[in-house]
Amino acid sequence: MGQNELVQSQRRMMTQDTNALVHRKLERILRILEDQRLHSITEMVERVHLSAEQVAFLFRFLAAYSFIRYNEQDETAIISTELLALK
């Protein structure tokens, strides 16, 4: 295996690891939100071990697909009733 192929292989593995980590963090956030209560970014930082910026990014992502309602001003989120109805 040449140097270029080795680098490409390592990048693929890193991407797969990153995707798996993001998936686990999203699942964890949604499980926390299942209690149908308002949760803050600060709380999520402590519970899922991500930075505030990362949690805010994931909140915006989930809100874009209507999985949650996210108030950027208050930095709080709650699960959407539509998502709960799918369970």
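Going by our numbering, the sequence shown opens with residue 4, and the numbers climb by one from there. No residue lacks a Cβ here, since even glycine has one placed at the ideal position from N, Cα and C.
| query | result |
| --- | --- |
| Rounded straight-line distance, which links the Cα of D20 to that of Y68 | 24 Å |
| Beta carbon of T79 nearer than 7 Å to that of S43 | yes |
| Rounded distance between the beta-carbons of R31 and V51, thought under 8 Å | 5 Å |
| F62 to I71 span [Cα, whole Å] | 7 Å |
| Straight-line gap, L36 to T18 (C-alpha atoms, nearest Å) | 27 Å |
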